[in-house]
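Colleague:
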Amino acid sequence: MLRRVRRGSIFQLLGIAAIAAVITSLVAVLIPWLPNPASEEAKRIHFVYWFTTVICIGVFATVAAVMAYSVIKFRARPDDDSDGPPIHGHTKLEIVWTAIPAVLVTAISIVSAIVLAQNSRAGSHPLVVKVTAVQFAWKFTYPNGKSYGYLTLPKGRHVKLDITANDVIHSFWSPELSQKQDAVPGQHTHLVVTPSRTGTFPVICTELCGLGHALMRSHVTILPADKFDAWVKSGGQAAAGPPGLAVFQENGCGGCHTLKGVPGATGTVGPDLDNLKDAAAKANQPLAAFIKESIVKPDAYIAPGYPNAMPPNFGTQIPADKLGQLVQYLEQKAK
Amino acid sequence: MTDLHEHELHEHLPAAAPTGIHRLTAPGWLRVLWVMPIFFGIGLGLPLLIRWLAHWDPVWKGSVILTVELVTVPLGFLVGLGGFDYWAYYASGKPTLVDDHASHGAKSWRDYFRVNTDHKVIGIQYVVTTIIFFCIGGLLAMLFRAELAQPGDQYFNPQTFNVLVSNHAALMIFLFVIPAFAGLGNYVIPLMLGAADMAFPRLNALSFWLLPIAGVMLVAGMVTPGGGPSAGWTCYAPLCSHQPLGQVFFNMGVQWAGASSIMTALNFLVTIITMRAPGMTFWRMPLLVWANFTTSLLVVIATPFIAGSQFFVMFDRVLHTHFFEPGGGGYVLGYQHIFWFYSHPAVYIMMLPGFGIISEVIAVMSRKPVFGYRLMALSLMAILVLGFSVWAHHMFVAGMAGWLRVPMMVTSMVIAVPTGIKIFSWLATMWEGRIHFTTPMLFALGFLSMFVIGGLSGIYLASVPIDIHASDTYFIVAHIHYVLFGGSVFTIFAGIYYWFPKMTGRMYDERLGKLHFWLTFIGFNLTFFPMHYIGLQGMPRRVADYSSRFADVNLFVSIASFGLGASTLVFLYNMVKSWSHGERAPGNPWRALTLEWQVSSPPPIFNFDEIPQVVGHPYEYGVPGARHAIFGSEHPTPVTSEPVGTG
């Protein structure tokens, strides 16, 4: 078969392949496919991505060229009832197209395995942050025992996230950090990130976890090392505002509920908390008792028009003192 | 041969039409009307009786009753329709009519609505049913694309959105792609093998009728009071054990679809192994038969795993077991391991039959033998074996044993090699051919180009570090649609157009077919290609609301998806119009060599008036004087290179 391919057609074929490769490369380069990396791990992942992309452009251009050439050159005229040459195979060619892809995927596998090993290395003294996922909020707990609803990390230091979930599976991801790990109930999983750029980036849940899944968002702020130390000493900015607000934020109530004046509290899965007074009146209960019952035993009274979707375990998750602060806060807001 | 003629005589005898009370007891829809309520009563009474006898409180428990009903009511439907009549007669010692072919073949449209043992009728029943569910699944997709056109909540609350997403996937996978291939295979395989029917025609009829049951169940789950299944088609525990009641419909619907799939696969295997015409050695089988042979092995080995996973999840909910409940000592990731041990091979169940279709279409339309036939068959077997060793690549970020990631990455990468062999061999088949750009060939070329893109994005996802970034984002959505739409759906369309003349006896409208192809091809790329971008940039899948920076791309994708949906109207119009008014098809419009084209269109009721003698390979285009098969009365010396149509 190879003998039959004339030199002229080889050049034409190579020409089409070159055009296909150029177009594909432009698509790969001109569109900003990946977010700007903010961690050492993300940079390595981007390297694997580009390594794979170069190989894929080669494969795609080859296939596209052969296909385009065949479509143009081997088109049968409408009245042509003849058959093509009876070529049944070509052993050498078949060996080549078995061996070359095998080599290419082996190369990608090796690079991937090395990067995976590097990206799993947390060094000897990582900062360990405990990540707890609940429907539908993140809680980040630092070695000093303080917890926040958002993540703050120092630039240039290995961080090991110790991740778990209280109810269903969630998944921790920040596109700029690239690293992702599921939070599994009954299990602790780990993720290493080494922030390389300061800034604030989104943290999102990527595993379908229920009605508030789309709103299970937080953010990660990366500070220079000295500022991070200062932030730890100051106890973070969460102290601003009434203590109940911090509890509200920490537990991600705003993922499902709207509450005026609280940033991010725009959820519509559950009832609007600005109308708590009316709701309590409708349920025929005193306001504070109604709020508490709605948190601790959410299925006792379902607001008309809303699904029975509130996780029933907030009563056991939120310590009694914090629950009191939350109820008090919501009660004051409602009055 | 004489047998066949006798059968035909029997077939012409008019079956005595039931009269009076016998109309109610004869198998059919009238019997369904009274048998189904009886089985409903059994499903209601049994749990109530047991709970009452055991003093369990409350006696009335909706979820338990529903679970039992989802077994008994479909059984009642099947009993009423006559799915078990023959076996019941046989088991109870009543005389069975071996030569009664009353339930074989279709003389009017009514024959498509009863238990019919003719593989050609069953094939059409399958294909039409699956296209209906394809349309429903597509409409669901367009509904949630409308919601996704803008960030924020517009038309659906998150519960409804999740139901739409979950059922779109479930219907497309379990009620369209898998059974559509089973339907095409059903029609074509016995013909290609030179057999009169499948090995077990009654089992074949039963396996079809399980399918509408599964479909109705999944659709009914969506409108269950309290909410439909909304945990995604993957239905991960423990989320799925805490879903509204509709989830039980999902769990059980998958069981019925799975049972149907297993029965068909067994039937295919036995048919292929035992019912090949004389001379049809394994190395002379068309690649479509090879493809369905490997697929059936996958189905038989893997499908029980998804049955298990859905039963266990349902038991966690209904029976309060703790298979996947961490609080009760269950292992959450166990679900994913069992689920993907089926659902990864399922990807090949949804792709290998398509590979078979493409091999047929490309060889015939390029007028050349399939390049490297043996390696093509062997690469199918390689995919079959490797397909069982890659399931955990769906779980790279799931928190499974860390060491498992690299081996699973390597096997996932290696599976690209046999897949590559197939792509390159198809290209080489086209090389120097005389390519006829008919609609099936356009879909085959569309498949080839789109599947290459889907395969390459699969390489990205097989690499663990890239997968860690891209997992559970729209990049995954883009990838699976390039593989399952650009791959499977394009091959199904290629197959439907290719065998349409054989199935209906009429030609489809070529101009409309080409229009359908181009609208689908362009709509498909505009819909799914941008998803790669928003996924890598940070948009997770399965969200009703998203960051406003993805608004423009999503609006574009939504508009494109409506265009893609509309292209199906061209297909439907073409099918309906051509089936009723199309030009009469000759026996062999494509001048193909395989056996199904050597009989009339549509084929005689028992396929072959004479048993064919297979004398050569199925793709000897361009070989002077080559024949795939000869028929009894012919002299065995080949006289012509042109295939002979007996129709």
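Just so you know, the protein sequences line up as chains A and B, in that order.
Counting along the first sequence from 1, when you hit position 57 you're at 123 in our numbering, and nothing is skipped either side.
Counting along the second sequence from 1, when you hit position 34 you're at 1450 in our numbering, and nothing is skipped either side.
Note that CB positions come from ideal geometry on N, CA and C, so glycine has one too.
The structure displayed is predicted, hence computed values, not measured ones.
Got a sec: which bits of the stretch 114-129 of chain A sit with their beta carbon under 7 Å from any beta carbon on chain B, in order along the chain?
Modeller: Within the stretch 114-129 of chain A, the qualifying residues are V114, Y115, T118, C122, V125, F126 and V129.
Colleague: I want to know whether the stretch 1591-1607 of chain B touches the stretch 1684-1699 of chain B - three or more CB-CB distances under 8 Å.
Modeller: Judged by Cβ distances under 8 Å, the stretch 1591-1607 of chain B makes contact with the stretch 1684-1699 of chain B, as three or more pairs qualify.
Colleague: Relative to the C-alpha of A:S75, which residue among A:A231, A:A134 and A:P385 is closest?
Modeller: Within the first sequence, residue 75 of chain A is the residue found at index 9, counting from 1. Nearest of A:A231, A:A134 and A:P385 to A:S75, Cα basis: A:A134.
Colleague: Taking B:V1495 as the reference, which of B:F1455, B:L1460 and B:L1791 has the closest Cα?
Modeller: Start at 1 with the first residue of the second sequence, and residue 1495 of chain B comes out as number 79. Minimum Cα distance to B:V1495 is reached at B:F1455.
Colleague: Quick one: what's got a C-beta closer than 6 Å to B:A1636's C-beta in the same chain, skipping five residues either side?
Modeller: The residue given as residue 1636 of chain B occupies position 220 in the second sequence. Closer than 6 Å at Cβ, skipping near neighbours: F1665.
Colleague: Rounded to whole angstroms, what is the Cα-Cα separation between B:G1862 and B:H1932?
Modeller: By 1-based counting over the second sequence, the position of residue 1862 of chain B is 446. By 1-based counting over the second sequence, the position of residue 1932 of chain B is 516. The alpha-carbon atoms of B:G1862 and B:H1932 are separated by roughly 12 Å.
Colleague: For A:W204, would you say it is in contact with chain B, using Cβ-to-Cβ distances shorter than 9 Å as the test?
Modeller: Here residue 204 of chain A refers to the residue found at position 138 of the first sequence. Closer than 9 Å: no.
Colleague: Within a Cβ cutoff of 8 Å, which residues of the same chain sit near A:D7, ignoring the five residues on either side of it in sequence?
Modeller: Residue 7 of chain A falls outside the range modelled here, since chain A spans only 67 to 401, and no answer is possible.
Colleague: Measure from the C-beta of B:A2042 to each C-beta in chain A and report whether the shortest distance is under 9 Å.
Modeller: Position 626 of the second sequence, counted from the first residue, corresponds to residue 2042 of chain B. Interface residue, yes.
Colleague: Are at least three pairs of beta-carbons, each pair with one atom in the stretch 191-207 of chain A and one in the stretch 215-227 of chain A, less than 8 Å apart?
Modeller: Yes: the two stretches touch, three or more of their Cβ pairs being nearer than 8 Å.
Colleague: Could you run through the stretch 1869-1886 of chain B and flag, in chain order, every residue whose CB is less than 7 Å away from some CB of chain A?
Modeller: Flagged, chain order: L1872, I1875, Y1876, S1879, V1880, P1881, I1882, I1884 and H1885.
Colleague: Between the C-alpha atoms of A:Y367 and A:N232, what's the straight-line distance to the nearest angstrom?
Modeller: Position 301 of the first sequence holds residue 367 of chain A. Position 166 of the first sequence holds residue 232 of chain A. Cα to Cα, A:Y367 sits roughly 24 Å from A:N232.
Colleague: Nearest CA to the CA of B:L1713: which residue from B:G1746, B:M1679, B:F1728 and B:G1745?
Modeller: Counted from its first residue, the second sequence places residue 1713 of chain B at position 297. Nearest of B:G1746, B:M1679, B:F1728 and B:G1745 to B:L1713, Cα basis: B:M1679.
Colleague: Compute the Euclidean distance between the alpha carbons of B:A1507 and B:F1500, then round it to the nearest angstrom.
Modeller: In the second sequence, the residue the question calls residue 1507 of chain B occupies position 91. In the second sequence, the residue the question calls residue 1500 of chain B occupies position 84. B:A1507 and B:F1500: Cα-Cα distance of roughly 10 Å.
Colleague: Look at the alpha carbon of A:R72 and the alpha carbon of A:V120, and state the distance between them as a whole number of angstroms.
Modeller: One-based indexing of the first sequence puts residue 72 of chain A at position 6. One-based indexing of the first sequence puts residue 120 of chain A at position 54. About 29 Å.
Colleague: At a CB-CB cut-off below 9 Å, which residues of chain B make contact with A:F425?
Modeller: Given a span of 67 to 401 for chain A in the structure shown, any question on residue 425 of chain A remains unanswerable.
Colleague: Tell me, to the nearest whole angstrom, how far the beta carbon of B:I2046 is from that of B:A1693; I am working on the premise that it is less than 8 Å.
Modeller: The residue given as residue 2046 of chain B occupies position 630 in the second sequence. The residue given as residue 1693 of chain B occupies position 277 in the second sequence. Actually they are not in contact, since the Cβ atoms of B:I2046 and B:A1693 sit about 11 Å apart, beyond 8 Å.
Colleague: Using a Cβ-Cβ cut-off of less than 7 Å, list which residues of the stretch 232-247 of chain A approach chain B; keep chain order.
Modeller: Those would be V234, I235, S237, P241, S244, Q245, K246 and Q247, in chain order.
Colleague: Could you tell me the distance, in whole angstroms, from the CA atom of B:L1794 to the CA atom of B:S1828?
Modeller: Indexing the second sequence from 1 puts residue 1794 of chain B at position 378. Indexing the second sequence from 1 puts residue 1828 of chain B at position 412. When rounded, the distance between both Cα atoms is 18 Å.
Colleague: Opposite A:A203 in the DSSP bridges: which residues?
Modeller: Locating residue 203 of chain A in the first sequence gives position 137, counting from the first residue. Partner(s): A:V200.
Colleague: What are the start and end residues of the alpha helix (DSSP H) that includes B:F1455?
Modeller: Along the second sequence, read from residue 1 onward, the residue named residue 1455 of chain B stands at position 39. Per DSSP, B:F1455 belongs to the alpha helix (DSSP H) from W1445 to L1469.
Colleague: Could you work out which residues of chain A lie near B:Q1575, taking near to mean beta carbons separated by less than 9 Å?
Modeller: If you number the second sequence from 1, residue 1575 of chain B lands on position 159. Neighbours of B:Q1575 on chain A, chain order: L277, V335, P373 and A375.
Colleague: Counting only the same chain and skipping the five closest in sequence on each side, list residues whose C-beta sits under 8 Å from that of B:L1440.
Modeller: Looking up residue 1440 of chain B in the second sequence gives position 24. Only L1446, R1447 and W1450 meet the Cβ criterion.
Colleague: Since B:G1461 and B:I2021 should fall inside the 8 Å C-beta cutoff, what is the C-beta to C-beta distance between them, to a whole number of angstroms?
Modeller: As a working note, residue 1461 of chain B is residue 45 in the second sequence. As a working note, residue 2021 of chain B is residue 605 in the second sequence. So it is not a contact: roughly 44 Å between Cβ atoms.
Colleague: Please list the partners that B:M1829 has in chain A, where partner means a Cβ-to-Cβ separation under 7 Å.
Modeller: Here residue 1829 of chain B refers to the residue found at position 413 of the second sequence. Within 7 Å Cβ-Cβ: V171, I174 and S175.
Colleague: Which partner residues does A:H285 have in the DSSP bridge list?
Modeller: Residue mapping note: residue 285 of chain A aligns to position 219 of the first sequence, counting from 1. BP columns for A:H285 point to A:P268.
Colleague: Ignore the nearest five residues each way along the sequence and tell me which others in B:V2060's own chain have a CB closer than 6 Å to its CB.
Modeller: Position 644 of the second sequence, counting from 1, holds the residue named residue 2060 of chain B. No answer about B:V2060 holds up, because its pLDDT of 39 lies below 50 and its placement is not dependable.
Colleague: Any beta carbon from chain B within less than 9 Å of A:M67's own beta carbon?
Modeller: Stepping through the first sequence from its first residue, residue 67 of chain A is reached at position 1. A caution first: A:M67 carries a pLDDT of 45, below 50, which makes its placement in the model unreliable, though a value can still be read off. Output row for A:M67: interface = yes.
Colleague: Nearest CA to the CA of A:P385: which residue from A:F140, A:S213 and A:D295?
Modeller: Against the first sequence, residue 385 of chain A aligns to sequence position 319. Ranking A:F140, A:S213 and A:D295 by Cα distance to A:P385 puts A:S213 first.
Colleague: Which partner residues of A:R110 appear in the DSSP bridge assignment?
Modeller: Locating residue 110 of chain A in the first sequence gives position 44, counting from the first residue. Paired residues: none, contrary to the question.
Colleague: Across the stretch 270-281 of chain A and the stretch 1910-1922 of chain B, are there enough close Cβ pairs to call them in contact, namely three or more that are closer than 8 Å?
Modeller: Too few Cβ pairs lie closer than 8 Å, so no.
Colleague: Roughly how many angstroms lie between the CA atoms of A:H256 and B:V1531, to the nearest whole one?
Modeller: Taking the first residue of the first sequence as position 1, residue 256 of chain A is located at position 190. Taking the first residue of the second sequence as position 1, residue 1531 of chain B is located at position 115. Their backbone Cα atoms lie some 55 Å apart in a straight line.
Colleague: Name the chain A residues that come within less than 7 Å of B:R1927, Cβ to Cβ?
Modeller: Within the second sequence, numbered from 1, the residue matching residue 1927 of chain B stands at position 511. In chain order: nothing, as chain A lies at least about 14 Å away.
Colleague: CB-CB under 7 Å to B:V1830, same chain, minus the five flanking residues each way: which ones, in chain order?
Modeller: By 1-based counting over the second sequence, the position of residue 1830 of chain B is 414. Here the set comprises L1802.
Colleague: Please tell me whether A:L281 and A:G320 are closer than 9 Å, where the distance is taken between their beta carbons.
Modeller: As a first step, residue 281 of chain A is located in the first sequence; it is residue number 215 there, counting from the start. As a first step, residue 320 of chain A is located in the first sequence; it is residue number 254 there, counting from the start. Going by C-beta atoms, A:L281 is nearer than 9 Å to A:G320.
Colleague: Consult DSSP for B:W1807 and reduce its assignment to one of helix, strand or coil.
Modeller: Translated into positions along the second sequence, residue 1807 of chain B becomes position 391. B:W1807 falls in the helix class under three-state DSSP.
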